[in-house]
Every structure is written in C-alpha cells, then in structure tokens.
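A short worksheet on the structure shown next.
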Amino acid sequence: MAEENIEENPVIEAIKSRRSVRDYIDKQVSEDTVNQVIDAGIHAPTALGLQPWNFVVISGKDIIKEISDHIKPMVQEHLKDSTEQLAKDLKEKMKNKDFNLFYDAPILVLVMHNRDDKLADYDCALCAENMMLAAHSLGLGSCWIGAGAFIQQSPELLDDLDIPHDFEIVAPIILGYPRSTPSPIDRCEPMVSWIYKKKD
1 MAEENIEENP
11 VIEAIKSRRS
21 VRDYIDKQVS
31 EDTVNQVIDA
41 GIHAPTALGL
51 QPWNFVVISG
61 KDIIKEISDH
71 IKPMVQEHLK
81 DSTEQLAKDL
91 KEKMKNKDFN
101 LFYDAPILVL
111 VMHNRDDKLA
121 DYDCALCAEN
131 MMLAAHSLGL
141 GSCWIGAGAF
151 IQQSPELLDD
161 LDIPHDFEIV
171 APIILGYPRS
181 TPSPIDRCEP
191 MVSWIYKKKD
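The numbering of the sequence shown is full-length UniProt numbering, which starts it at 1 and goes up by one.
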C-alpha cells in the first residue's frame, strides 16, 4: 500500500500553515465558534485521564485592553533586565500607552488548572495547541500570549475574573479574525537519532 501524500493531509497542512497572529479585524467571534475551539482543546491527551483544564473566556476588546493596562507594569518590571532582542522590542512597544499586550483581539481564553496537579501544565499546553490548530481550521487567528499569565499576579484581577487564587494560568490564548498573517519562518532541520535493536 502506497504511503499517503503528506502534502494532501489536512492535519499536517493545518500544523504547517498555522501562524501566531497579532493583527485582527474589528469583528467579534461567536460563542459557538469559541466553544468549538475549546471542544477541540479538551480532546487533547491528558495524563491519567484527569482532564485538569479549566477555561475563562473574556470577550470584548475594551475589557481585554483594561487587563492589558493592568498587567503591563508587571511585565515591564519582569523584562527590565532582559537583553534578548524580542524582550527589548516588547519593552519599546510598551512605552506607547495605547499598546495592547493582547493585540486588540476580541477574545482571550485562559487555559488553567488547579495548582495541586503537578502534571497539569503539560495537559493544558497540549490542550492549547489543539485549540490553536482548531482556530486556524475555522478561519481564526490565534496567539499564545505568555505575558497574560501575569493576571495571576494580581489578586484584584483574579477576583474580577472569578478565577480561584489557587489556579495557575498556563496558556492565555487570543482569538480573532486575522487582518494579516505572518509569513512562514524557516525551520531548522531536526536533530534525530535513530536507535535500532541490536541483532542477536
């Protein structure tokens, strides 16, 4: 039987064509569509079948911008000594009071878990990747905004968003309809070692 042509495999095509989008049109994403994305997320692998993930969906550019304004000082403090170029670029952007850490996306989904579950970080990360691939397949853009985890540094924000203080935010994912999509970047050849069973 001939091997399937991977160039015609829709799953592999979705993986290879997904991008981290930071530019969105002013169009809301429906609740049904967000629920489809989350449903794809919960079909990710999960250690011991525990399914530890919890979700908070924040809808609306205004409230998301307020969250950005609240956590920007914490992000700036965190990055103040960083010499990485990407960190320098972000610090420069944050000098603009209108800059939004969530890039004016209309939806922010927080994927999180109870801190007591030591394996849940992996499960939530797998869930988030499923969500971003599903979003791409539905014509949405997405991006994992690591700085969004600073929400958990603010008891006030946690209370406003009804997030238990003993939960950990693993993946803050923005969703929206892309205005533009980044070009693909070159990928380095993987370093692969094959181990074969020794002959008797």
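Glycine included, C-beta positions come from ideal geometry on N, C-alpha and C.
- If one requires a minimum length of 4 residues, the alpha helix (DSSP H) runs lying completely within the stretch 19-49 are 31-41, in chain order.
- Within the same chain, Cβ atoms closer than 8 angstroms to the Cβ of Leu126 are found at Ala44, Pro45 and Thr46, the five residues on either side in sequence being excluded.
- Per the coordinates, the alpha-carbon of Gly148 lies some 22 angstroms from the alpha-carbon of Lys27.
- One thing to note: Gln153 has its Cβ no nearer than 7 angstroms to the Cβ of Met94.
- Cys143: member of the beta strand (DSSP E) spanning Gly141 to Trp144, first to last residue.
- Spatial neighbours of Asn100 in its own chain (CB-CB distance under 6 angstroms, excluding positions within 5 residues in sequence) are listed in chain order as Lys65 and Ser68.
- Residue state for Phe167 is assigned as strand, using DSSP reduced to three classes.
- Cβ neighbours of Leu158 within its own chain (closer than 6 angstroms, five residues either side excluded): His165.
- Per DSSP, the unbroken alpha helix (DSSP H) holding Met132 starts and ends at Ala120 to Ser137.
- For Ser59, there is no enclosing alpha helix (DSSP H); the enclosing beta strand (DSSP E) has its first and last residue at Asn54 to Ser59.
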